[in-house]
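Asks:
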Amino acid sequence: MLLWFLRRLLQAMFVMLAMSLIVFIGLHAIGNPVDILISPEADQAERARIITQLGFDKPLWQQYAYFLQGALHGDLGRSFVFNEPALQLILQRMPATLELAVTAVLLSVLVGLPLGLFAGLYPNSFAGRAVMAGSILGFSLPGFWVGLMLIMVFAVSLGWLPSSGRGTTAALFGVQWSFLTRDGLAHLVLPALNLSLFNISLVLRLARAGVRETMPLDYIRFARAKGLSPTRVVFVHVLRNILIPVVTVVGLELGSTIAFSVVTESVFAWPGMGKLIIDSINVLDRPVIVAYLMIVVVMFVTINLVVDLLYTALDPRVRLGGRA
Amino acid sequence: MTLELRDLHTHFDTRVGALRAVDGVSLSVRRGEVLGLVGESGSGKSVTGFSIIGLVDPPGRIVSGQVLFQGRDITGLPEPELRKLRGNRIAMIFQDPMMTLNPVLRIDTQRIETVRAHDNVSHVVARTRARDALGQVGIPSPDERLSSYPHQFSGGMRQRVAIAIALLHNPALIIADEPTTALDVTIQAQILAVVQKLAAERGTSLLWITHDLSVVAGLADRVAVMYAGRIVESGSVDAVLDRPMHHYTAGLIGSVPSRNKRGAKLLQIPGMTPSPLDRPAGCAFRTRCSAATETCAQEPPLTMPEPDRTLRCFHPVRI
Ligand SMILES: Nc1ncnc2c1ncn2[C@@H]1O[C@H](COP(=O)(O)OP(=O)(O)O)[C@@H](O)[C@H]1O
Ligand code: SF4
Ligand SMILES: [Mg+2]
């Protein structure tokens, strides 16, 4: 178990190292932030001063060495634009993104699982087919377009829900959250729905496939032959089995949901990390980009870890560390 | 009479027409009796078993015929009524012990729920009863075993657990669908012994489904031979195995190594089981039967050549 944990940690470090290297080389190839950051009116001396200050007078490998040195001490550099520590900039915006992503994932389970169960139990019914057809839309419609449609319908035409920002927030553990106030919750609905559409379809299909696969198995037949009620058969015997793939996939999807929130945050002006990273990429603000990706890696690793633990809890046949 | 099937027809609706999995089965199981239902794979034995407890899922359905349980017609009873019988008065155990227990639920959960499905007792009482039943089927230290998961048991132990579950409510009838096929011979013998003993003690009737004649020989009182969705011959085990009258039965017996005389050639029934979607009219065995005549293209009627014996054949085997 400890070995397994250490191996995971080592893997994460390696990925971070590789990631930072790629970003350094990649951004260097794309363009020179100096051209964007320094106003054209600045004179030669001013220009040289800023270049030295940001470290661009040094060769790339030296810049990278400086970065690594700082990173080892927990310093991921200062934003070229905001002149604030990059890590702090991102962490400030992280709760907004997490709130959005977690809500979206919860929504995908709360909506997708019951729909999938239904479609799996009644695959030939009209409603069952309709659900499946809907899930194809959920997969294939582009997120930004759905986001705009949601705004058009629910915010502009009907005027039921607000379409931008986080609304009123309240503090919990020293962090501001939207879901704690009525107004904030109303602001959360549309972006979360937008972000969860893909995952709803995914969970729904997984659940349906799971039900279809599990129902004809001997142990379900045996459960029915014991005289159990259909409710017990479906919600205990079938559900426990399909929860295994659903939890795994949903857990892993949390990572990509955070990544995809970039689009949703832009459409709904949600002040999270996604919006920050888009702005930073536009101005080639390297420290922020690197720090963001580092955080994403850490997040992915943590999520995978938690999913593995959950998986073990759900499936007694699986034991960590490869022991059967 | 514990169970009686009268001309039961169970079909599966397929795109190419009705698949007649059970095509006119009549049989009976008396109180405390073990009836062996024998036939090749695909002959409709499992579907017969599921038809009895009303667990045929669409596209399958019981088209006609009757299932009489303790004299009561239970064909087409509403689902809640059938549920009261299942696992309570009629229990069923299945072929693959690896697959009959839910892998993600603890053994005690799967047993306690069975107790509570039919008896309104507390969790504690249910647990005690579940534990006692484990002891009865020969599982050592049932207390520790209760909270295990199925994968922590061997195949034989799992089948014992399944049998213990089937016996929880003292059913009048147990339908055992090839419960020992997936187990090795020694374990198979142990399981057979356990079931035989418990059934005899309690006067439980058994419908023992198998494709293995040697199992039937050792366990059953009577045997019904199934071919292509029909019972072609039935009678006491001694009579049918010693003096088979249907050519299919004779062929089956000839292909069992242990029952063959030493040195004699092992006989194989020529040809293949016809697909249930396109069976020959009349006697379904006639494409493989050496004694077949033109008459056999007609439906062979159900006859009683001897007391307590049924047959569907125009030209019975003569010995
Ligand atoms: N769910 C089903 N759908 C379609 N056909 C089925 C289904 N279950 C069984 N059958 C068909 O019914 C016939 C009898 O099957 P079965 O009773 O399982 O045979 P056995 O138990 O004797 O091996 C087979 O031809 C099989 O293909
Ligand atoms: S009815 Fe005819 S074909 Fe069928 S078993 Fe008897 S002799 Fe053979
Ligand atoms: Mg079978």
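Protein chains in written order, with numbering that gives the first Met the number 0: chain A, 0 to 323; chain B, 0 to 318.
No residue lacks a Cβ here, since even glycine has one placed at the ideal position from N, Cα and C.
(1) Closest by CA to Gly273 of chain A, which one among A:Phe259, A:Val235 and A:Gly254?
(2) Against Leu216 of chain A, what residues of chain B qualify as contacts under a CB-to-CB distance less than 7 angstroms, listed in chain order?
(3) Using only the heavy atoms of ligand 3, determine whether one of them is closer than 7 angstroms to the beta carbon of Asp78 of chain B.
(4) Put Asn259 of chain B into one of helix, strand or coil per three-state DSSP.
(5) Using 8 angstroms as the Cβ pair cut-off and three pairs as the minimum, do the segment 31 to 38 of chain B and the segment 53 to 60 of chain B touch?
(6) Decide yes or no for the touch test of the segment 242 to 257 of chain A against the segment 293 to 306 of chain A: beta carbon pairs closer than 8 angstroms, at least 3 of them.
(7) Provide the residue span of the beta strand (DSSP E) that contains Met91 of chain B, from first to last.
(8) Would you call Trp159 of chain A buried or exposed, if buried means 16 or more other Cβ atoms sit within 10 Å of its Cβ?
(9) So the beta strand (DSSP E) Tyr148 of chain B belongs to, where does it begin and stop?
(10) Taking 8 angstroms as the threshold, find out whether the segment 70 to 87 of chain A comes into contact with the segment 151 to 169 of chain A through three or more Cβ pairs.
(11) For Asp29 of chain B and Leu2 of chain B, I'd like the C-alpha separation in whole angstroms.
(12) Pairing CB atoms from the segment 103 to 115 of chain A with CB atoms from the segment 175 to 183 of chain A, are three or more of them under 8 angstroms?
(13) Comparing C-alpha positions only, which one of A:Asn31, A:Met151, A:Leu2 and A:Asn193 sits nearest to Thr256 of chain A?
(14) What does a CB cutoff of less than 8 angstroms around Ala185 of chain A pick up in its chain, not counting 5 residues either side in sequence?
(15) Name the residue from B:Gly48, B:Lys196 and B:Val114 whose alpha carbon lies nearest to the alpha carbon of Thr209 of chain B.
(16) Curious, which full-length beta strand (DSSP E) runs of at least 3 residues does the segment 153 to 184 of chain B contain?
(17) Where Leu216 of chain A and Val136 of chain B are concerned, what is the direct C-alpha to C-alpha distance, given to the nearest angstrom?
(18) In chain order, what are the residues with a CB under 5 angstroms from some non-hydrogen atom of ligand 2?
(19) Is there a C-beta anywhere in chain B that falls below 8 angstroms from the one on Asp307 of chain A?
(20) Is any heavy atom in ligand 3 found nearer than 7 angstroms to the beta carbon of Lys177 of chain B?
(21) Please report the distance separating the alpha-carbon of Lys196 of chain B from that of Thr203 of chain B.
(22) Return the bridge partner residues of Pro84 of chain A from the DSSP annotation.
(23) Are the beta-carbon atoms of Pro32 of chain A and Phe79 of chain A separated by less than 8 angstroms?
(24) Among residues of its own chain, excluding the 5 on either side of Ala227 of chain B, which ones have a beta-carbon nearer than 8 angstroms to its beta-carbon?
(25) Using DSSP with H/G/I as helix, E/B as strand and the rest coil, what is Gly250 of chain A?
(26) When you compare the CB positions of Leu189 of chain A and Phe81 of chain A, do they come within less than 8 angstroms of one another, or not?
(27) Within a Cβ cutoff of 7 angstroms, which residues of the same chain sit near Asp107 of chain B, ignoring the five residues on either side of it in sequence?
(28) Report the residue from A:Val295, A:Arg7 and A:Ser200 whose alpha carbon sits nearest the alpha carbon of Leu109 of chain A.
(29) Under a CB-based cut-off of 8 angstroms, is Leu205 of chain A close to chain B?
(30) Please determine whether the Cβ atom of Val336 of chain B lies at a distance below 7 angstroms from any heavy atom of ligand 1.
(31) What separation, rounded to the nearest whole angstrom, lies between the Cα atoms of Ile35 of chain A and Arg207 of chain A?
(32) Under 8 angstroms between beta-carbons, which chain B residues line up against Leu313 of chain A? List them in chain order, please.
(33) Reducing DSSP to helix, strand and coil, say where Met0 of chain B ends up.
(34) Taking DSSP as the reference, what is the three-state secondary structure of Ala70 of chain A?
(35) May I ask you to verify whether the segment 144 to 163 of chain B touches the segment 98 to 112 of chain B, counting CB pairs closer than 8 angstroms and requiring at least 3?
(36) Rounded to whole angstroms, what's the CA-CA distance from Leu53 of chain A to Trp60 of chain A? Just pull it up for me.
Replies: The answer reads as follows:
(1) A:Phe259
(2) Met98
(3) Strictly speaking, residue 78 of chain B in this sequence is Glu, with Asp absent from that position. No, ligand 3 has no heavy atom inside 7 angstroms of this Cβ.
(4) Unreliable placement is indicated for Asn259 of chain B, whose pLDDT of 48 sits below 50; the coordinate value is still reported in the next sentence. Note: Asn259 of chain B maps to coil in three-state DSSP.
(5) With fewer than three CB-CB distances shorter than 8 angstroms, the segment 31 to 38 of chain B does not count as touching the segment 53 to 60 of chain B.
(6) yes
(7) Ile89 to Ile92
(8) Looking at its Cβ environment, which holds fewer than 16 other Cβ atoms inside 10 Å, Trp159 of chain A is exposed.
(9) Per DSSP, Tyr148 of chain B belongs to no beta strand (DSSP E) and is neither H nor E.
(10) no
(11) The question names Asp, but residue 29 of chain B is Arg in the sequence shown. Straight-line Cα distance between these residues: approximately 7 angstroms.
(12) no
(13) A:Asn193
(14) Leu160, Pro161 and Gly166
(15) B:Gly48
(16) 172 to 176
(17) 25 angstroms
(18) The filter returns B:His246, B:Cys282, B:Phe284, B:Arg285, B:Cys288, B:Ala290, B:Ala291, B:Cys295, B:Pro299, B:Cys312, B:Phe313 and B:His314, in chain order.
(19) no
(20) Rather than Lys, the amino acid found at residue 177 of chain B in this sequence is Glu. Under cutoff, so the answer is yes.
(21) 10 angstroms
(22) A:Arg77
(23) yes
(24) Asp22, Ser42, Gly43, Thr272, Pro273, Pro275, Arg278, Ala283 and Phe284
(25) helix
(26) A distance of 8 angstroms or more separates the beta carbons of Leu189 of chain A and Phe81 of chain A.
(27) Arg126, Ala129, Leu145 and Ser146
(28) A:Ser200
(29) no
(30) The requested residue 336 of chain B does not occur in the structure, where chain B is confined to residues 0 to 318.
(31) So the two alpha carbons sit approximately 51 angstroms from each other.
(32) Val103
(33) coil
(34) helix
(35) yes
(36) 15 angstroms
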